[in-house]
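Below: the structure, in structure tokens.
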Amino acid sequence: MLVTSLITLLSTAVAYAVPAPAPAPTNAPRSGGLNVQTLVGGSKVSGGATVQYNNLLSALTYYVSPSAGSSVKAGDKFTTMIVSSDGSGGSSGTLVAAWSGSTLYDLFGIYFLGLPSKIYASWSIPSLSVGGNPLEICTYIFEQSGSVKSVSNPSRTGFDYSSFASQLGVGSPVAEICLTVINGHAPSSTASSARASSTTAPSSSSSTSSTVSVAPSSSASSSASSSSSSSSSSPAASSTGPLAAYQTTVTFNGQTYINKGLVGFGAISGDAVDSQGETIGGIGSAISLESIERNDDGTYTGVMLAQPDRGHNTATTTDYIARRHRIGFTLDPYYDSTALNYSDAKSTFALSYQSSLLYYEQDGTPTTGLDALGIRQGEPPLPIANASYNHISTDAEGLVVNADGSSWVSDEYGPYIYKYSSDGKLLQTIQPPLAVLPYLNGSLYFSSAGTAPTVGRVQNQGFEGLTASPDGTKLYALLQSGLTQDLDSSGEGRYTRFFAYDVTGTPTLESSYVLQLPVTNGKAKALAQSDFHYLSEDTFVVLSRDGKGNGNDDNDSKHKDFLLFSTSEATDIKDTVYTTTDTAVAPAGVLVSNVTAIIPTEFIDIIDDTQLGRFGICNNCDYAVNLINGKWESIAIASIQDPDYPNDYFLFSFSDNDFISLNGIEDGATYVDAFSAEYGYSLDNQALVWRVTLPAQ
């Protein structure tokens, strides 16, 4: 039986014409080396294989076993280099990624490579011209006889793996595998993200799941599965556009809003790791669109900034540094009524991890996800882990990125709003009005666990939503649910708070309103909001939901919706006792008579079975990766850039998978989430895209 090792590595692809294939490279083991195959489109292939662009995976899975008579053994260390070229021959090309110091482990006869000790180049998409030779992506694995030599990080362009190997002192590769990539359905512009696979061997009962990794995973396998497996080509963008049968129209404040249906679905595996070697999870906590470009063939390429919350915390909080990720994407809008399976559907919104930016204080002290058990006195007082670990506790939720690269990040511990520089250094802090601050028996109390505060924000229910005006002068924050003083006898908080700040200079509170959250049928449980987004000066779209679905012990979601709301007729309570003191605006859950609340109107039903089914996703079905995730927590909006439809936009939303993984890595330790252990798979970071028509502004 073949002893396999899973080495999750990275690659990319672009579009070009189809000239004659390049010479086929080898996958034969070097002397005393390793056998190697890779997984493409759900099938194992050997070196020299030619694959279509649309079957190339953005996270290649390599199956490695010692060759006959090999001296390779557990404890040996390895260096890996991934190089792309135009297939014209030679040992040089563009460096995609390189690292060293990965230890080979033997876990009950299963070999796998651990995380590297040194990364020379994290994954980077190469820039390649259209119409040239087929792309060739080669991975070279070197066995280290000891510590590698200390060298400077190499240049990506004109990279020669043989020369760099000599500098490191690692000799010749013990394994290599090269794939030739020819033209398939792909964007006509420059680099874009390609399709991804899981880190599990294909079988009749499990299918591939998206994985993106900067360094090899320390896990031997992934049990992610979905309803089916396919290596077929990705669906082409429909030339007819949205189907009228899928359109729903809402009239709100005298204006028309149209939902033209779901057009894209993507996912990143719950086993993927970032540039810190930690699990990529929770990325739906907040998103911000960095760029999007429409290509000649109707596809779109761009970058989404995705901000996770405080890390894996289903059992306890961890010392997870707050951060945001750059996620490259290719959106190939799918308008057809034919249902795709889960694996193929992910090609309609292909996601590819690029890099991460971590959040620090000015002196370089990193933030932490640990519960805020202490307070750093100052102006304002800040939540910290404890007196002996003076790091700002941050449960990042909202994200607004300014034109200069700085960003506003809203948090649940404070709840505060922090401003960070473009390189992740803390610049300033906005403390909310007194009514919002959590107090226990007269003292500030930022903890998210244990005894609940007697007034102020509810534990883990802080500034979940954050958005800004297009010019960046106005910043808007929305609490996830009602304040403690506004809860009813069942502990439900239907009346939450909205705050508007002028941030042209020192942030100044400009207005504040009460927003009435929808409730579930029958039980009157408040459906907390998870994000909102600016549409016009007084109009916003908000995401309100239950938590049922994948990752939850109830797989039957009843409510996940985008709703429209306006502040135009609501009562401004900025300078009233409801904001400046802890006086309840809804004592025992009943709104006071002198305040008019914002009442949202439903716009899009996220869990529409017909729409989800077109992308291989289901609600109230068996627990598997294709069950819709329970926690959708983000919104981004972008023009479709079509002059024939100047008021049409894409509405993006990413889910928070709570870092639920069979093969999690965080703060230097591995973990298996209890949900994954029970059901046998890791939760994908799912993402959805709708097409909508909004009123002209």
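Its first residue numbered 163, the sequence shown is counted upward by one per residue in my numbering. Don't be surprised by glycine CBs; every beta carbon is placed ideally from N, CA and C. Keep in mind the model is a prediction, meaning the values are calculated, not measured.
With 16 other Cβ atoms within 10 Å as the buried cut-off, status of residue i
{"i": "Ala434", "result": "buried"}
{"i": "Arg541", "result": "The sequence shown places Glu at residue 541, not Arg. Exposed."}
{"i": "Lys581", "result": "buried"}
{"i": "Tyr323", "result": "buried"}
{"i": "Asp585", "result": "exposed"}
{"i": "Gly881", "result": "With the chain represented from 163 up to 859, any question about residue 881 goes unanswered, as that position is not in the structure."}
{"i": "Glu654", "result": "buried"}
{"i": "Tyr515", "result": "buried"}
{"i": "Pro404", "result": "buried"}
{"i": "Asn603", "result": "exposed"}
{"i": "Glu795", "result": "buried"}
{"i": "Asp471", "result": "buried"}
{"i": "Asp771", "result": "exposed"}
{"i": "Glu828", "result": "buried"}
{"i": "Asp693", "result": "buried"}
Cut-off 6 Å between Cβ atoms - residues of its own chain near residue i, not counting five sequence neighbours on either side
{"i": "Leu824", "result": "Ser385, Val834, Ser838 and Ser844"}
{"i": "Cys340", "result": "Pro187, Gly209, Glu298 and Cys300"}
{"i": "Ala501", "result": "Gly775 and Arg776"}
{"i": "Ser673", "result": "Ala662, Asp734 and Lys736"}
{"i": "Thr410", "result": "Asn421"}
{"i": "Ser550", "result": "none"}
{"i": "Leu589", "result": "Lys581 and Ser583"}
{"i": "Arg486", "result": "Leu467, Gln469 and Leu519"}
Three-state class that DSSP yields for residue i in the structure shown
{"i": "Ala406", "result": "helix"}
{"i": "Ala337", "result": "strand"}
{"i": "Thr773", "result": "The sequence as given places Gln at residue 773; Thr does not occur at that position. Reduced to three states, the DSSP call for Gln773 is helix."}
{"i": "Pro528", "result": "strand"}
{"i": "Ala429", "result": "strand"}
{"i": "Ala849", "result": "strand"}
{"i": "Gly446", "result": "helix"}
{"i": "Thr461", "result": "coil"}
{"i": "Thr646", "result": "helix"}
{"i": "Glu523", "result": "coil"}
{"i": "Tyr841", "result": "helix"}
{"i": "Phe821", "result": "coil"}
{"i": "Tyr419", "result": "strand"}
{"i": "Ala690", "result": "coil"}
{"i": "Tyr807", "result": "coil"}
{"i": "Ala534", "result": "coil"}
Beta-carbon proximity check, residue i vs residue j, cutoff 9 Å
{"i": "Ile760", "j": "Val676", "result": "yes"}
{"i": "Thr629", "j": "His695", "result": "yes"}
{"i": "Phe821", "j": "Thr479", "result": "no"}
{"i": "Lys793", "j": "Gly709", "result": "yes"}
{"i": "Ala484", "j": "Ala468", "result": "no"}
{"i": "Val854", "j": "Asn415", "result": "no"}
{"i": "Leu606", "j": "Ile537", "result": "yes"}
{"i": "Gln642", "j": "Gly667", "result": "no"}
{"i": "Glu626", "j": "Leu640", "result": "yes"}
{"i": "Tyr282", "j": "Pro335", "result": "no"}
{"i": "Asn683", "j": "Tyr785", "result": "no"}
{"i": "Pro595", "j": "Thr646", "result": "no"}
{"i": "Ile554", "j": "Pro543", "result": "no"}
{"i": "Val851", "j": "Val425", "result": "yes"}
{"i": "Ala882", "j": "Val198", "result": "As displayed, the chain neither begins before 163 nor continues past 859, which places residue 882 out of reach and without an answer."}
{"i": "Asn791", "j": "Asp846", "result": "yes"}
{"i": "Pro495", "j": "Phe812", "result": "yes"}
{"i": "Gly423", "j": "Tyr497", "result": "yes"}
{"i": "Ser568", "j": "Ala558", "result": "no"}
Chain-order list of residues whose beta-carbon lies under 8 Å from that of residue i (same chain, five-residue window excluded)
{"i": "Asp700", "result": "Ser728, Thr729 and Ser730"}
{"i": "Val757", "result": "Val676, Thr733, Ile735, Tyr740 and Val747"}
{"i": "Cys783", "result": "Asn717 and Leu789"}
{"i": "Pro615", "result": "Pro600, Tyr601, Leu602, Tyr607, Gln621 and Thr646"}
{"i": "Asp566", "result": "Ser584"}
Contacting residues, own chain, Cβ-Cβ under 7 Å from residue i (five flanking each side not counted)
{"i": "Asn622", "result": "Glu574 and Ser610"}
{"i": "Gln438", "result": "Ser518"}
{"i": "Gly331", "result": "Val310 and Lys311"}
{"i": "Leu689", "result": "Leu679, Pro680, Val681, Thr682, Ser706, Arg707, Asp708 and His721"}
{"i": "Gln859", "result": "Ser698"}
9 Å Cβ cutoff, residue i in contact with chain D
{"i": "Ala798", "result": "Structure shown: chain D not included; a single protein chain is present."}
In chain order, which beta strand (DSSP E) runs of at least 3 residues are fully inside the stretch 537-569? 544-548, 551-554 and 558-563
Where in the stretch 724-804 do unbroken runs of the beta strand (DSSP E), each at least 3 residues long, occur, reported from the N-terminal end onward? 763-767 and 798-801
Can you give, in chain order, each stretch of the alpha helix (DSSP H) that sits fully within the stretch 469-517 and has at least 4 residues? 504-507
Extract the residue ranges of the beta strand (DSSP E) inside the stretch 575-630, only unbroken runs of 3 or more that lie entirely within it. 579-582, 588-592 and 625-630
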